[in-house]
Amino acid sequence: MMMSQHHHEQVSSQTTKFKSFLNNNASKELRRSPTKVVNRLSKKKNEHNNRRKQHHARRRDVTRACGIIGVMTHENKVSAELYEGLLMLQHRGQDSAGMVTSDGSRFKEKKDNGLVKDVFDKRTMNYLDGNIGLGHVRYPTQGGLSATEAQPFFVNSPLGIYLIHNGNLTNTDELRLRHLNARHMRTNSDSEVLLNVFAEDLQREINLHPLRDPHVQMFDAVTQTIQKVRGSYSVISLVNDVGLFAFRDPNGIRPLVLGQRVNKDGKDEWCVASEDAAFGPLGFKFVRDVNPGEAIIITNDGKMVSRQCVAGDACPCIFEYIYLARPDSTMNGISVYEFQLDLGRRLAQHITERGWDIDVVVPVPDGSRPSAIEIASALNLPYREGLVKNRYVGRTFIMPDQRTRELSVRRKLNAMRSVFNGKKVLLVDDSIVRGTTMNQIVNMVRDAGASKVYLASSAPPVRHPNVYGVDMPSREEFVANQRTEEEVCEVLAADGLIYQTVEDLLQAGKTMNPNISRFDASCFDGDYITGDIDEEYLEDLLADRGLGKVGAVKSL
């Protein structure tokens with residue numbers, strides 16, 4: 118059996134006391150008075166949540182996604198491949214990075230806050246030997262999170278399992294309370310909850326069917342897990358004596374792709390990742406998407422087996438194609454680059470109807486370039502790179518607080534006077550979320566001499582929280598919240614503003630892949646595809662961050 122060498126930091130004393138109460142008192146009192154225990158647990162949970170609200174009032178903005186990768190090779194250098202893969206996924210998470218490897222006899226782990234290049238130095242890479250492993254990157258959050266909450270997470274029973282997760286569970290609290298007595302959880306992460314639910318289901322399968330094929334045990338266990346958990350989850354795990362094990366939620370909200378290569382000895386090697394952009398530098402060829410509701414096993418000797426554990430229907434998050442994913446990625450049969458070009462073509466038609474007098478089209482780097490290029494072409498206007506980006510400043514959308522974001526915009530972008538002076542400019546951005554960045558850019562462009570500044574957003578106005586892995590909890594933060602297009606234009610100090618329509622956005626996706634009948638566009642239309650998100654859920658989500666009420670939510 119492998120021995121875990123991971124090290125866990127101490128969680129906060131308040132959280133520790135809360136969980137200590139649950140673990141020490143719940144099980145022995147439950148038999149005597151179930152109602153009393155439930156009431157007592159609820160009271161303690163409320164007290165704990167009140168303390169968390171005070172904490173989150175200081176950490177207002179929590180915006181996150183993740184990048185995940187698993188690699189199986191026949192050589193003892195998998196850490197180098199994981200490192201390169203994580204660099205290709207760094208855009209999906211800049212807060213922390215983690216890696217675990219195995220040589221068939223033991224696990225070795227390293228995780229910490231920071232960029233990939235900062236977390237993994239040469240000494241660490243030499244330590245992380247093995248032929249199979251996982252890697253994870255996570256988005257920044259205000260105030261930072263403890264490295265304890267960086268992934269991967271580990272449980273030593275059954276077998277020994279490491280897990281990484283991209284997405285967000287929507288019934289985390291329910292699952293945590295249900296499994297507190299049986300499992301010991303150290304953090305508030307939904308990913309750790311998911312790991313423990315799966316571990317408990319696998320332990321049950323092993324106990325009930327000890328002679329059954331381990332692959333069947335794994336597939337049966339994850340089938341039970343999928344039936345319990347709600348929300349979005351693309352998962353890769355490393356399981357002792359089994360290999361890599363990956364699965365995806367039945368709606369396929371977050372991406373997960375499978376790649377393959379053949380080594381010099383003719384043996385198959387495998388990679389599973391959030392985006393196929395990670396495959397290129399490693400020499401893997403795209404095989405297919407992991408299907409919604411499917412699980413795959415990649416054994417230590419390179420065999421791949423799969424099972425459709427539950428029925429699935431791909432309903433991918435459309436924000437992936439607008440903002441999160443690299444333009445050189447293809448997910449769910451949709452090229453991100455071609456999708457963004459199509460958004461530009463569709464938006465250009467509506468810009469023509471406005472009758473704006475425009476001299477030049479300028480993208481806000483980097484994600485808006487494809488759309489801006491297509492808009493300029495359709496309008497027969499010059500396209501210019503008028504905003505120069507300092508690539509050593511993080512993305513402002515995920516900066517921890519408003520003041521930091523405002524300062525960061527000026528450090529991040531410089532306006533070229535030769536492009537803007539005396540010109541009527543159309544600025545194109547991929548999306549306008551809080552408006553902080555765009556307002557600053559408009560002022561910069563005017564300072565550079567622009568006579569008029571028009572704005573075009575490739576995405577519709579963001580008006581609703583995303584609960585499936587891009588955490589935008591407060592409607593009050595969105596510049597479009599309870600404002601018309603004209604009012605947003607005034608706030609941004611622009612001469613004109615146009616958004617993509619939700620209808621055109623969804624049609625662009627369906628045109629790229631007609632087999633996808635539905636996308637999650639909940640941050641634009643409030644239509645939550647899992648069917649379990651209602652007004653009460655969103656109010657609880659906001660209350661947990663001390664931000665007050667939210668408006669109405671469309672229910673299915």
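Residue numbering for the sequence shown follows the working numbering, starting at 118 and increasing by one per position.
Glycine is no exception: its CB is placed at the ideal position from the N, C-alpha and C atoms.
Here the structure is a predicted model, which is why all the values come from computation and not from measurement.
- Taking 8 Å as the cut-off, the beta carbon of G247 is found no closer than this to the beta carbon of N357.
- Classified as buried, P275 has 16 or more neighbouring CB atoms from the shown chains inside 10 Å of its CB.
- Sorting G552, T218 and N556 by C-alpha distance to the C-alpha of R580 places G552 at the top.
- Counting the other CB atoms within 10 Å of its CB gives S222 a total below 16, which places it among the exposed residues.
- Rounded to the nearest angstrom, the gap between the Cα atoms of F364 and D430 is 14 Å.
- In this structure, the beta-carbon distance from K384 to G419 falls below 8 Å.
- The residues L206, R209, G210, V254 and S391, in chain order, have a CB closer than 6 Å to that of G184 in the same chain once the five nearest residues on each side in sequence are set aside.
- Listed in chain order, the beta strand (DSSP E) elements of length 3 or more contained wholly in the segment 416 to 477 are 421 to 425.
- The three-state reading of DSSP puts D235 in helix, counting H, G and I together.
- The three-state reading of DSSP puts K194 in strand, counting E and B together.
- Between E317 and P269, the CB-CB gap reaches or exceeds 8 Å.
- Bridge pairing for S219: F224 and I249 [DSSP].
- With respect to G376, W387 sits close: the two C-beta atoms are nearer than 8 Å.
- Each of K345, Q344 and L319 was checked against the Cα of V333, and the nearest Cα belongs to L319.
- Residue pairing for L614: DSSP places it in a beta bridge opposite L572.
- By alpha-carbon distance to L204, the top candidate from R240, E266, N285 and D393 is D393.
- Annotation: the continuous alpha helix (DSSP H) that includes Y654 extends over E652 to A660.
- Per DSSP, K541 is one residue of the beta strand (DSSP E) stretching across K541 to D546.
- Three or more beta-carbon pairs drawn from the segment 498 to 506 and the segment 475 to 488 are found closer than 8 Å, and the two stretches are therefore classed as touching.
- For P331, the three-state secondary structure derived from DSSP is helix.
- Per DSSP, the beta-bridge partners of Y500 are V478.
- Ranked by Cα distance from G231, the options A264, L199, Y200 and R240 are led by A264.
- One Cα belongs to N305, the other to E266, and the distance between them is close to 8 Å.
- DSSP places Y645 outside both helix and strand once states are collapsed to three, so it counts as coil.
- As the crow flies, the alpha-carbon of A197 is around 7 Å from that of M242.
- Segment contact: the segment 405 to 423 against the segment 435 to 446, fewer than three CB-CB distances shorter than 8 Å; contact not assigned.
- E620 and R463 have their C-alpha atoms spaced approximately 10 Å apart.
- Between G626 and F636 a beta carbon distance of about 5 Å is seen, short of the 8 Å cut, so the two are scored as contacting.
- If you look at N283, you'll find it in the beta strand (DSSP E) that goes I278 to L286.
- N313 carries a helical assignment under DSSP once its states are collapsed to helix, strand and coil.
- Residue nearest to V233 within the set I249, M216, D220 and Y244 is M216 (criterion: CA-CA distance).
- Between L460 and Q617 a beta carbon distance of about 6 Å is seen, short of the 8 Å cut, so the two are scored as contacting.
- Here the alpha carbon of T289 sits roughly 27 Å from the alpha carbon of N598.
- Of the candidates R371, G400, P372 and P367, G400 places its Cα closest to the Cα of K381.
- Ranked by Cα distance from D612, the first of T342, F641, Y645 and A573 is A573.
- Cβ contact annotation for F315 (same chain, cutoff 7 Å, sequence separation greater than five): A338, V339 and T342, in chain order.
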